[in-house]
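Notes follow once the structure below has been shown.
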Amino acid sequence: MSGWQTLTGSAITLPEANIDTDQLIPARFMSQPRSAGYGGFLLYDARQANPDHPLDRYAAKVLVAGRNFGSGSSREAAVYALVDYGIRAVFAPSFGDIFAGNAVNNGLLTAQIDDDVAAFLVATMAGNAAAAQIDLGTGRATIAGQDIGFDLDPVRRQKLINGWDDIDMTAQYSDQITTFRAAHFAAHPWAMPAT
Amino acid sequence: MTLARSLMDKLWDAHEVLRRADGTSLLWVDRHLVHEGSHHGFAKLAARNMALAAPELTFGVVDHYAPTRAGDVAPDIRRMIQTLGDNARAAGIRLFDLHDPEQGIVHVIGPEQGLTLPGLLINCGDSHTSTHGAFGALAFGVGATEVTHILATQTVWQKRPKTLQITFDGALGAGVTAKDMALHWIAALGADGAQGFAVEYAGAAVRALSMEGRMTLCNLSIEGGARMGMIAPDDVTFAYLKGRPFAPVGAAWDAAVADWRQLHSDGDAVFDRHVSIDASTIAPTVTWGTSPEDALPITGHVPRADGGKDIGATLDYMGLDAGMALTQIAIDQVFIGSCTNGRIEDLRMAAKVLAGRQAVVPGLVSPGSALVKKQAEDEGLAQIFVQAGLEWAGAGCSMCVGMNGDLVDAGKRCASSTNRNFKGRQGRGARTHLMSPAMVAAAALTGHLTDVRPLLEGRI
Numbered sequence: 001m002s003g004w005q006t007l008t009g010s011a012i013t014l015p016e017a018n019i020d021t022d023q024l025i026p027a028r029f030m031s032q033p034r035s036a037g038y039g040g041f042l043l044y045d046a047r048q049a050n051p052d053h054p055l056d057r058y059a060a061k062v063l064v065a066g067r068n069f070g071s072g073s074s075r076e077a078a079v080y081a082l083v084d085y086g087i088r089a090v091f092a093p094s095f096g097d098i099f100a101g102n103a104v105n106n107g108l109l110t111a112q113i114d115d116d117v118a119a120f121l122v123a124t125m126a127g128n129a130a131a132a133q134i135d136l137g138t139g140r141a142t143i144a145g146q147d148i149g150f151d152l153d154p155v156r157r158q159k160l161i162n163g164w165d166d167i168d169m170t171a172q173y174s175d176q177i178t179t180f181r182a183a184h185f186a187a188h189p190w191a192m193p194a195t
Numbered sequence: 001m002t003l004a005r006s007l008m009d010k011l012w013d014a015h016e017v018l019r020r021a022d023g024t025s026l027l028w029v030d031r032h033l034v035h036e037g038s039h040h041g042f043a044k045l046a047a048r049n050m051a052l053a054a055p056e057l058t059f060g061v062v063d064h065y066a067p068t069r070a071g072d073v074a075p076d077i078r079r080m081i082q083t084l085g086d087n088a089r090a091a092g093i094r095l096f097d098l099h100d101p102e103q104g105i106v107h108v109i110g111p112e113q114g115l116t117l118p119g120l121l122i123n124c125g126d127s128h129t130s131t132h133g134a135f136g137a138l139a140f141g142v143g144a145t146e147v148t149h150i151l152a153t154q155t156v157w158q159k160r161p162k163t164l165q166i167t168f169d170g171a172l173g174a175g176v177t178a179k180d181m182a183l184h185w186i187a188a189l190g191a192d193g194a195q196g197f198a199v200e201y202a203g204a205a206v207r208a209l210s211m212e213g214r215m216t217l218c219n220l221s222i223e224g225g226a227r228m229g230m231i232a233p234d235d236v237t238f239a240y241l242k243g244r245p246f247a248p249v250g251a252a253w254d255a256a257v258a259d260w261r262q263l264h265s266d267g268d269a270v271f272d273r274h275v276s277i278d279a280s281t282i283a284p285t286v287t288w289g290t291s292p293e294d295a296l297p298i299t300g301h302v303p304r305a306d307g308g309k310d311i312g313a314t315l316d317y318m319g320l321d322a323g324m325a326l327t328q329i330a331i332d333q334v335f336i337g338s339c340t341n342g343r344i345e346d347l348r349m350a351a352k353v354l355a356g357r358q359a360v361v362p363g364l365v366s367p368g369s370a371l372v373k374k375q376a377e378d379e380g381l382a383q384i385f386v387q388a389g390l391e392w393a394g395a396g397c398s399m400c401v402g403m404n405g406d407l408v409d410a411g412k413r414c415a416s417s418t419n420r421n422f423k424g425r426q427g428r429g430a431r432t433h434l435m436s437p438a439m440v441a442a443a444a445l446t447g448h449l450t451d452v453r454p455l456l457e458g459r460i
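Same order as they appear, the protein sequences are chains F and B. Residue numbers 1 to 195, in the numbering used here, belong to the letters of the first sequence in order. Residue numbers 1 to 460, in the numbering used here, belong to the letters of the second sequence in order.
Given below as structure tokens:
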């Protein structure tokens, strides 16, 4: 996965709270292999119900969303749907914990902003797209002409910028893992499955 | 002097291989549970030409796509089950396959088989992995990239969460269950109220719960935003586990119990946040909206407004009018099952309500595992469900998530013992009301949401 530091593109708003992973990708699409491309599954039912859905009116790279975005299941397919559609960043007051972890593993920024900032952007953009620029290095973005600071865990910031792969990173610790394993099961022999 | 530690601290410290300068820990994983949905993880591993680091600690389970009724199985469902089988056999891991007598939902059979033990770190590519914390384990759901990492290294990178202790003092009223405790705290704190926290449940009402009840409570931690929930193990825990197939035996069992008795928060442990709830004030609780936080006592009314939240779209989706009594909500069908409420105690409670009575709407009962199914049949519970007019099905995730084809039709309303009332969760356009198995049974008898307590008089 390649990293990124700056991004320019269109932002749209999805102001509802609790846009969960079941909405982001309904379960019936999850038997597809990733090679099928998941972008068409993104918010499938909401887009079917609304032919004028902003995801179909604009080619957005940035979402401004309500609180608790990505709550619910651990399905990384929700992130695949966003990324395959072309979304690279979501700004929201809060995110599902597992979703946010999955996002960073796929180069998707989950930028935490205050409730009033989200509400201001939703009101300013009034359902339309707006220009967005993001700089991970400074932790600031410009959306619809507004300069916005956002919170991002420093570890996740580094991962996004460098495009780090965890398995590659862990390989350097393989000796420590081997040593730990031996000591762990020596101290807690009951931790091995009995049969 | 050693520093006072919480249960979470003790579990974390026992699994920390190392901590990077940036504060992220590399944790050792004692059990990795995989299911049909783990196909992305196996595919990523194959793409890197890597093998499993610890097949003896990895267990496969067919649950999400498991057919629960007789008849033809759709090709894509059959393919998902086949793919897990192929991956499990190639990796040399123990598989609880579709027709295995011990098959079931991963969060039901892990404990049932004694794969889940106090003091273990347990991961699974499923958010309800928090269930296993009921045993005093560090258990949390992970995504596909993390599944791949665990398959490859038997470790997982995590940042230590903050700690939240939720204390339930006093005693629950008759007919009030762990499900009601969970919906109660989630409604109070919000569906993101515990984000970034590990929850430890404590207090007299938690100690009084059976293991089934504790699993229900921990299972729903994620619906309040917490990736993990946990309860300190005690004699109830040990009695549940003793003699389970994968649990330690003999001297190893005694050594294990001695270790497990240390797994509790020290008396002076400090939590980042504490919430105290009087259990006696909790009523049977139901959801009216499309988030688990949209929960109210059955004696309440559909709200007209919910703080700053716009509930118009929610009421439209749910087909409800603001201000109507919750007991006026008519249902089309019921479902009893899932990793939240598909265990033997759940079925016993529902059967107590249904015995000798007739449901007025159709419904499906899917036990959490093949062993729960057999036990329910041996105890005569299955017969009670069938005589009440409900369908008795096989074990799996079934109508909680609809992946196996057990769906609620668009516009239909289901009283459900499951964990998520999300839009489209039980099927496109389906309307879900979450509640305890006893409350589902009550709704089946009357055709609308109903306070189960009068129906249980003289029966518990």
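All C-beta atoms, glycine included, are put in the ideal place defined by N, C-alpha and C.
Closest residue to residue 36 of chain B among B/261, B/122, B/397 and B/240 (Cα-Cα distance): Comparing Cα positions, the closest option is B/397.
Tell me where the beta strand (DSSP E) around residue 228 of chain B begins and ends. 228 to 230
Return the first residue and the last residue of the beta strand (DSSP E) that residue 60 of chain B is part of. Counting along the chain, the beta strand (DSSP E) containing residue 60 of chain B begins and ends at 58 to 61.
Within-8 angstroms CB hit, residue 54 of chain F to chain B: no
Who does residue 149 of chain B pair with in a DSSP beta bridge? Bridge partners of residue 149 of chain B: none, in fact.
Helix, strand or coil at residue 416 of chain B [DSSP, three-state]: strand
Is there a Cβ of chain F sitting closer than 8 angstroms to that of residue 80 of chain B, yes or no? yes
Report the CB separation of residue 13 of chain F from residue 121 of chain F in whole angstroms; it is logged as a contact under 8 angstroms. Yes, they are in contact, since the Cβ atoms of residue 13 of chain F and residue 121 of chain F sit about 7 angstroms apart, within 8 angstroms.
Taking residue 188 of chain F as the reference, which of B/253, B/237, B/301 and B/97 has the closest Cα? B/253
Find the residues of chain D that neighbour residue 30 of chain F, judging by a C-beta separation of less than 8 angstroms, and give them in chain order. Here the protein chains are F and B, and chain D is not one of them.
Interface flag, residue 182 of chain F vs chain B, CB-CB below 8 angstroms: no
Taking the alpha-carbon of residue 153 of chain B as reference, which of F/100, F/94 and F/180 has the nearest alpha-carbon? F/180
Taking a contact to mean a Cβ-Cβ separation below 8 angstroms, would you say residue 266 of chain B touches residue 5 of chain B in this structure? Cβ distance < 8 angstroms, so residue 266 of chain B and residue 5 of chain B count as in contact.
So if DSSP puts residue 132 of chain F in a beta bridge, which residue, or which two residues, is it bridged to? F/9 and F/143
Residue 128 of chain B versus F/130, F/96, F/73 and F/83, residue with shortest Cα-Cα distance: F/73
Helix, strand or coil at residue 330 of chain B according to DSSP, with G and I counted as helix: strand
Starting from residue 101 of chain F, find everything on chain B with Cβ-Cβ shorter than 8 angstroms and list it in chain order. 142, 143 and 146
If you compare alpha carbons, which of B/113, B/64 and B/352 is closest to residue 394 of chain B? B/64
Start and end residues, alpha helix (DSSP H) containing residue 106 of chain F: That residue, residue 106 of chain F, is in no alpha helix (DSSP H); it is neither H nor E in DSSP.
So the alpha helix (DSSP H) residue 446 of chain B belongs to, where does it begin and stop? Looking at the DSSP string, the run of the alpha helix (DSSP H) that includes residue 446 of chain B is 437 to 446.
Do you know whose CA, among F/58, F/21, F/165 and F/57, lies nearest residue 41 of chain F's CA? F/21
Here's the rule: buried if 16 or more other CB atoms are within 10 angstroms of the residue's CB, otherwise exposed. What is residue 56 of chain B? exposed
Taking Cβ to Cβ, would you say residue 83 of chain F is nearer than 8 angstroms to residue 106 of chain F? Result yes, Cβ atoms of residue 83 of chain F and residue 106 of chain F sit closer than 8 angstroms.
Between the Cα of residue 435 of chain B and the Cα atoms of B/133, B/349, B/189 and B/3, which residue gives the shortest distance? For the residues B/133, B/349, B/189 and B/3, the minimum Cα distance to residue 435 of chain B belongs to B/349.
Cβ of residue 37 of chain F less than 8 angstroms from any chain B Cβ? no
Determine whether the beta carbon atoms of residue 249 of chain B and residue 449 of chain B lie at a separation below 8 angstroms. Taking a C-beta distance under 8 angstroms as the contact criterion, residue 249 of chain B and residue 449 of chain B do not qualify as a contact pair.
Look at the Cβ atom of residue 225 of chain B, then the Cβ atom of residue 195 of chain B, and state whether they are nearer than 8 angstroms. Between residue 225 of chain B and residue 195 of chain B, the gap from beta carbon to beta carbon is short of 8 angstroms.
Is it right to say residue 242 of chain B is buried, meaning 16 or more other beta carbons lie within 10 angstroms of its own, or is it exposed? It is exposed - the Cβ of residue 242 of chain B has fewer than 16 other Cβ atoms within 10 Å.
Scan the stretch 399 to 432 of chain B for residues whose Cβ lies nearer than 7 angstroms to a Cβ of chain F and list them as they occur along the chain. 401, 402, 403, 420, 422, 423, 424, 425 and 428
Which of helix, strand or coil does DSSP assign to residue 3 of chain F? coil
According to DSSP, simplified to helix, strand and coil, what is residue 105 of chain B? coil
Alpha-carbon to alpha-carbon, residue 318 of chain B and residue 402 of chain B: 18 angstroms
N- and C-terminal bounds of the beta strand (DSSP E) containing residue 159 of chain B: 155 to 159
Taking the CB atoms as reference points, tell me whether residue 132 of chain F and residue 79 of chain F lie closer together than 8 angstroms. Contact flag unset, no.
Please confirm whether residue 145 of chain F and residue 1 of chain F have their CB atoms less than 8 angstroms apart. no
Tell me which residues share the same chain as residue 366 of chain B and place their Cβ nearer than 6 angstroms to its Cβ, disregarding the 5 neighbours each side in the sequence. 68, 337, 393 and 398
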